[in-house]
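Protein chains: 2
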Amino acid sequence: MEQEFASRLLENAVQALAQLPGIGRKTALRLALHLLKQPQDEVLAQCDAIARMRREINYCRVCHNISETEVCPICSSPSRDRSVVCVVENVKDVMSIENTHQHHGLYHVLGGVISPMEGIGPQDIEIDSLEQRVAQGDIREVILALSPTMEGDTTNFYIYRRLAPYNNVNITVLARGVSVGNDLEYTDELTLARSIAGRTPFTQTLHRE
Amino acid sequence: MEQEFASRLLENAVQALAQLPGIGRKTALRLALHLLKQPQDEVLAQCDAIARMRREINYCRVCHNISETEVCPICSSPSRDRSVVCVVENVKDVMSIENTHQHHGLYHVLGGVISPMEGIGPQDIEIDSLEQRVAQGDIREVILALSPTMEGDTTNFYIYRRLAPYNNVNITVLARGVSVGNDLEYTDELTLARSIAGRTPFTQTLHRE
Numbered sequence: 001m002e003q004e005f006a007s008r009l010l011e012n013a014v015q016a017l018a019q020l021p022g023i024g025r026k027t028a029l030r031l032a033l034h035l036l037k038q039p040q041d042e043v044l045a046q047c048d049a050i051a052r053m054r055r056e057i058n059y060c061r062v063c064h065n066i067s068e069t070e071v072c073p074i075c076s077s078p079s080r081d082r083s084v085v086c087v088v089e090n091v092k093d094v095m096s097i098e099n100t101h102q103h104h105g106l107y108h109v110l111g112g113v114i115s116p117m118e119g120i121g122p123q124d125i126e127i128d129s130l131e132q133r134v135a136q137g138d139i140r141e142v143i144l145a146l147s148p149t150m151e152g153d154t155t156n157f158y159i160y161r162r163l164a165p166y167n168n169v170n171i172t173v174l175a176r177g178v179s180v181g182n183d184l185e186y187t188d189e190l191t192l193a194r195s196i197a198g199r200t201p202f203t204q205t206l207h208r209e
Numbered sequence: 210m211e212q213e214f215a216s217r218l219l220e221n222a223v224q225a226l227a228q229l230p231g232i233g234r235k236t237a238l239r240l241a242l243h244l245l246k247q248p249q250d251e252v253l254a255q256c257d258a259i260a261r262m263r264r265e266i267n268y269c270r271v272c273h274n275i276s277e278t279e280v281c282p283i284c285s286s287p288s289r290d291r292s293v294v295c296v297v298e299n300v301k302d303v304m305s306i307e308n309t310h311q312h313h314g315l316y317h318v319l320g321g322v323i324s325p326m327e328g329i330g331p332q333d334i335e336i337d338s339l340e341q342r343v344a345q346g347d348i349r350e351v352i353l354a355l356s357p358t359m360e361g362d363t364t365n366f367y368i369y370r371r372l373a374p375y376n377n378v379n380i381t382v383l384a385r386g387v388s389v390g391n392d393l394e395y396t397d398e399l400t401l402a403r404s405i406a407g408r409t410p411f412t413q414t415l416h417r418e
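Just so you know, the sequences run in chain order D and R.
Residue numbers for the first sequence follow our numbering, beginning at 1 and rising by one.
Residue numbers for the second sequence follow our numbering, beginning at 210 and rising by one.
See below:
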């Protein structure tokens, strides 16, 4: 049942908040009434931060990561290894991998994975532009860092096939195995099986940080 | 673990969204990335709606309901019965009661209920101003429409005691009984007991809409 609000301004604000994913009309009203009780300066600063983000952030022309400039700081950094490109599904994955400090190359953000169930095909994500980058000849390694799901695997395989003509490019994929810190008892059998099949020499683990 | 974001603008927007109650940093990031994908016009209009609400809505000087004017439309309406005041906990309750179209009098928004557990005493909510309104002598009935909880009952009783000196004022309380449309099987025993104790002549129910 929709409530009628006394104030059109409140109604508009509730509608604006209800546009956010996962926030219904009832929660939106609760949020709006909460904001009314907060200091005016703070609320206006919050609105401004969101508006500025939307106005000034765009997507990098090269890797499709978010960027305040036409080419993002990673793509234009002279200290990154331009011969290695890590392919990820979305912007959040770039942040996660950056936080590991283990990847010193560039990125390529697909903006999704191939999912016939959701009607997302190869042409709906940034695979053509990936191939164009590879075709330029500077890239030696493409790291496929998609989620180990059916859609991720499908996309990996599709990219692998698309890039197969480029003989000078190594295509690698994230190691699959038991999670660090997880009890073996709680690891699913498929992961366990893959981690046995993909076992690594113990001495190799000693040289890692 | 806090993530470092490549963009300060994104960081600021995530912080702004994370100020909303019930929204953590992870959800805030998800919302921010969602907003980045929405059309810029829409996002800016949403921000503006929220900013305008905060800038232009205040609280009615008389009843403490939200209002775009110093005295709210209900308090200043010539068609409302100024001799009946309905006491509610918050602004949402005013909306709920307005939607029933059963109350034609004015309101008084307490802004909370007495709750010793949360350190909210009578002086923290708008009880003094309620007494002042009653003291002016125009009010014949005060309807206590607080939640049927321990805090609501405590507040009801406190207001009843405070208004006792004003002999010309009837103090009434919302009827308690079984909810309309609810199966009797699922009604709690206390409510059922009260609905038996407070049973009404059947003929009286026939005259209601």
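Backbone N, C-alpha and C fix where the C-beta goes; we use that ideal spot for every residue, glycine too.
query	result
Cβ-based neighbour list, L401(R), same chain, cut-off 8 Å, excluding 5 preceding and 5 following	V387, L393
Cβ contact check for the stretch 36-45 of chain D and the stretch 76-85 of chain D: 3 or more pairs under 8 Å	no
Continuous beta strand (DSSP E) stretch holding C284(R): start and end	Counting along the chain, C284(R) falls outside any beta strand (DSSP E), though it belongs to the alpha helix (DSSP H) covering 282-285.
For G152(D), the three-state DSSP class (helix, strand or coil)	helix
Boundaries (first-last residue) of the beta strand (DSSP E) holding V296(R)	290-297
Three-way DSSP call (helix, strand, coil) for I196(D) in this model	helix
Own chain residues within Cβ distance below 8 Å of T203(D), not counting five before or after	none
CB contact below 9 Å: T27(D) versus chain R	yes
Among G361(R), L383(R), S288(R), L229(R), the one whose alpha carbon lies nearest that of L315(R)	S288(R)
Chain D contact for V252(R) (CB, 9 Å cutoff)	yes
R342(R) vs V271(R) beta-carbon contact at 9 Å	yes
Segment limits, alpha helix (DSSP H) that includes V43(D)	40-56
Where L319(R) falls: helix, strand or coil (DSSP)	coil
Residue from R162(D), H34(D), S147(D), E131(D) with nearest C-alpha to S96(D)	S147(D)
With 16 other Cβ atoms within 10 Å as the buried cut-off, status of N168(D)	exposed
Rounded separation between E277(R) and G24(D) - CA only	24 Å
Collapsed DSSP secondary structure at N308(R) in the structure displayed	helix
Beta-bridge pairing of E141(D) - partner residues as DSSP gives them	V84(D), N170(D)
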